[in-house]
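Numbers given in our numbering equal positions in the sequence shown, counted from 1, plus 38.
Don't be surprised by glycine CBs; every beta carbon is placed ideally from N, CA and C.
Below: the structure, in structure tokens.
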Amino acid sequence: MQTSSPPHNDDELMDPDRRARAREHARERRRLALLQFVWSALLVLFFLQSGASVALRDLLRQIGLTDPWLQVTAYLTVALLAYSLLTLPMEWWSGYVVPHRYGLSTQTPYSWLQDLIKSLLLAWALGVLLGQVVYALLRINPDTWWAWAGIVLLLATIGLGQLAPVLILPLFYTLTPLEDDELCRRIRRLGEYAGIRVAEIYTIDLSRRTTTANALFLGLGRTRRIALGDTLYEDYDVDEIETIIAHEMGHQAHHDLEQGIAVQSALLFGGLYAAHLALRWGVSRYGFEGIHDLAALPLFLLVMGAFAAVTGPLINAHSRWREREADRYALRITQNPRAFARALRRLTRQ
């Protein structure tokens, strides 16, 4: 890692071809995200309208799965497997082909597939666990299940924020203590200014999967662990890294995480209540046995997805506002606008 002069001059960073390629990549990512959303919605809609969901529920009963807990597990397992297979080509294109086209991925097909399988197993485990809780609430409290489910999902989100660095992150990456006394000193000084105790500072081997630079803040509360991507540590100079960390410190100092949880919680409860109304309507429209009917899951997912799409612009606007405030904070505490601008230009190229 360089410690004083930037690894690239400003002319190179402002190269028109690089900027054009970055804009092209951003446009392609947006198009793919929209296409993935539409394709997912169409799959779920077909599962509902074709009667496939009812057929799956009935099949599980016919093979002897009458216990509701076993039914939920089996239904979610089959549904997730079918969905994963039908979306696999698009996942491959967006997660492997496009990043390689723009020089942003270092993964082999084998390592990409390994990560996909790990992600699917985690999604299955969490999905079944939370699905069991939600359907138990639907059976026990059909009128107020949505409020209790919102509380459970909120607590689960907070719990995952605490446990993910310990249980999930090591499944994909290796954390190594940072052995750079000068950089550690500067990062801890930023933490003191922001009122945050920096417990440990690590490097994380992002380069095994990507060429993009990043830094992670791990944990909740006033104590944080910081992980610098090795792509950031090795390719950026100390001043650039300091401004990037200062930006992240700005989020902590402004309590953006807590604000984000509050906003997301309000929208979560709103989405669950909308799903509650839709499930009640679905009982008469589709002949479900009740709002607790497993066959109604596609309707639940469609409503939650539509609610997320409608409220997405609000979330994005809030996020952009908080990013601007974090930028101002970083400039104020580092007093190094040139390094900050240089770092932003390099990050924007990713």
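query                                                                                                                                           : result
Please go through the region 171–258 and give each complete alpha helix (DSSP H) segment of 4 or more residues, from N-terminal end onward.     : 183–201, 219–232
Can you grab the Cα-Cα spacing for the pair G267 / R99, in whole Å?                                                                             : 49 Å
Which same chain residues end up closer than 6 Å to L310 when comparing Cβ atoms and leaving out the 5 residues on each side of it in sequence? : W184, A187, G188
From what residue to what residue does the alpha helix (DSSP H) around Y274 run?                                                                : No alpha helix (DSSP H) holds Y274; DSSP gives it neither H nor E.
Could you pull the start and end residues of the alpha helix (DSSP H) that F85 belongs to?                                                      : 54–87
In angstroms with no decimal places, state the Cα-to-Cα distance between A251 and P180.                                                         : 47 Å
Let me confirm a value: V341 is counted as buried when at least 16 other C-beta atoms fall within 10 Å, else exposed. Which label applies?      : buried
According to DSSP, simplified to helix, strand and coil, what is P44?                                                                           : In this prediction, P44 scores a pLDDT of 46, lower than 50, which makes its location untrustworthy; the coordinate-derived value is nonetheless stated afterwards. Three-state result, P44: coil.
Do you know how far the Cα of E361 is from the Cα of G197?                                                                                      : 25 Å
Which residue wins for smallest C-alpha separation from R263, given the options L270, L254, L352, Y271?                                         : L254
Is I101 helix, strand or coil by DSSP?                                                                                                          : coil
Assign S91 to buried or exposed, taking buried as 16 or more other Cβ atoms, counted over all protein chains shown, within 10 Å of its Cβ.      : buried
Could you say which of L295, L213, A284, R65 lies nearest to L258 if we only look at CA atoms?                                                  : L295
Got a sec, what are the start and stop residues for the alpha helix (DSSP H) W359 sits in?                                                      : 335–372
Measuring straight from C-alpha to C-alpha, what distance separates N374 and F75?                                                               : 40 Å
Taking 7 Å as the threshold (C-beta atoms), are G199 and L114 in contact?                                                                       : no
Note down the Cα distance separating V190 from L175, rounded to an integer number of angstroms.                                                 : 10 Å
On the DSSP letters alone, give me the boundaries of the alpha helix (DSSP H) that H330 sits inside.                                            : Premise fails: H330 is in no alpha helix (DSSP H) and is neither H nor E.
Pick out whichever of R380, D331, S78 has its Cα sitting closest to the Cα of A93.                                                              : D331
Near L141, which residues of its chain fall below 7 Å by C-beta distance, leaving aside the five closest residues on each side in sequence?     : Checking the sequence shown, residue 141 turns out to be Gly, not Leu. Closer than 7 Å at Cβ, skipping near neighbours: T249.
Taking the alpha-carbon of A163 as reference, which of H138, W150, G133, L119 has the nearest alpha-carbon?                                     : L119
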